[in-house]
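Following: one structure in structure tokens, then a few remarks.
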Amino acid sequence: MPLLFDTKEIDKLPDYMKILCRTLLNLYKELEEEMAKQGISHRLYYSQEAFKEIVMSYDIESNWCNEGYEATFDEYMGNGLITGGQLLLGLSSLLGMGEVATVEAFEWMQSKPKVLVAANIIGRLLNDIASHEEEDQRAHVATGVKCYLKDYGVSKEEVIDEFYKMIANA
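Here it is as structure tokens:
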């Protein structure tokens, strides 16, 4: 299997992420061997690229956390739409879909169509609404709720209301 990226990047991640990333790398290796037998190993490229992107975004979050940096809401969402994982999930789902999984299908998904962006926005904001209080209690990158509070100086209730509006408009 071609090396996805410098595996030293994985060492920068929190321990629980290291385990996940190494497990996924092993899975990609096994998938490539199986898919090579079928002549379709080229499909892995798209999933691997999304995997690289998500690891780099987790590294950004890790750096923010370690440095005590509080991103703006726009910075947070720009990165958070990647860590939401919808692109990786979508591209990985195509891997086993037989003839439906054409190069055009992979390229369409990789182009981040509006439906994928909407799914990322919805997932990210709903996750932040559900988890912000717990995540504020531990060493973690600031949630979208905290970033929005800081940027706009509104109450938590107003943030939640605004997030639901963003979700409805996604």
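Residues in the sequence shown are numbered consecutively from 1, following UniProt numbering. Note that beta-carbon positions come from the ideal geometry of N, C-alpha and C, so glycine has one too.
Within the continuous alpha helix (DSSP H) that includes lysine 12, where are the two ends? Following the DSSP letters along the chain, one finds lysine 12 in no alpha helix (DSSP H), marked with neither H nor E.
Kindly indicate which three-state DSSP category histidine 132 falls into: helix, strand or coil? Correct three-state label for histidine 132: helix.
Assess contact between the region 128-138 and the region 93-111, defined as three or more Cβ pairs (one per stretch) separated by less than 8 Å. Is contact present? Counting Cβ pairs under 8 Å, fewer than three are found: no touch.
Can you tell me which of the three DSSP states tyrosine 69 falls into? For tyrosine 69, the three-state secondary structure derived from DSSP is coil.
Ignore the nearest five residues each way along the sequence and tell me which others in glutamine 86's own chain have a CB closer than 8 Å to its CB. Excluding positions up to five away in sequence, the list reads Leu116, Ala119, Asn120, Gly123.
How is leucine 95 classed by DSSP in three states: helix, strand or coil? Leucine 95: coil per DSSP, three-state reduction.
To which residues of the same chain is leucine 81 closer than 8 Å at the C-beta, ignoring the five residues directly before and after it? Within the same chain, leucine 81 has close Cβ partners Val117, Asn120, Ile121, Arg124.
Does DSSP classify arginine 43 as helix, strand or coil? Of the three classes helix, strand and coil, the one that applies to arginine 43 here is helix, per DSSP.
Classify asparagine 26 as buried or exposed, calling it buried when 16 or more other Cβ atoms lie within 10 Å of its own Cβ. Exposed, by the Cβ-count rule.
Should methionine 109 and leucine 91 be called a contact, given that it needs their Cβ atoms to be closer than 8 Å? Yes, Cβ-Cβ distance for methionine 109 and leucine 91 is below 8 Å.
Pull up the CB-CB distance for glycine 144 and tyrosine 69, whole angstroms please, since I reckon it's below 8 Å. Your pair glycine 144 and tyrosine 69 does not check out as a contact, with CB atoms roughly 15 Å apart and the cut at 8 Å.
Pick from Met35, Tyr152, Cys21 that is closest to glutamate 51, judged by C-alpha positions: Sequence check: residue 51 is phenylalanine here, not glutamate. The residue with the shortest Cα to Cα distance from phenylalanine 51 is Cys21.
Are glutamate 67 and valine 141 touching if we call contact CB-CB under 8 Å? Remark: C-beta atoms of glutamate 67 and valine 141 do not approach each other more closely than 8 Å.
Looking only at C-alpha atoms, which of Glu9, Asp11, Asp74, Asn169 sits nearest to lysine 150? That would be Asp74, whose Cα lies nearest to the Cα of lysine 150.
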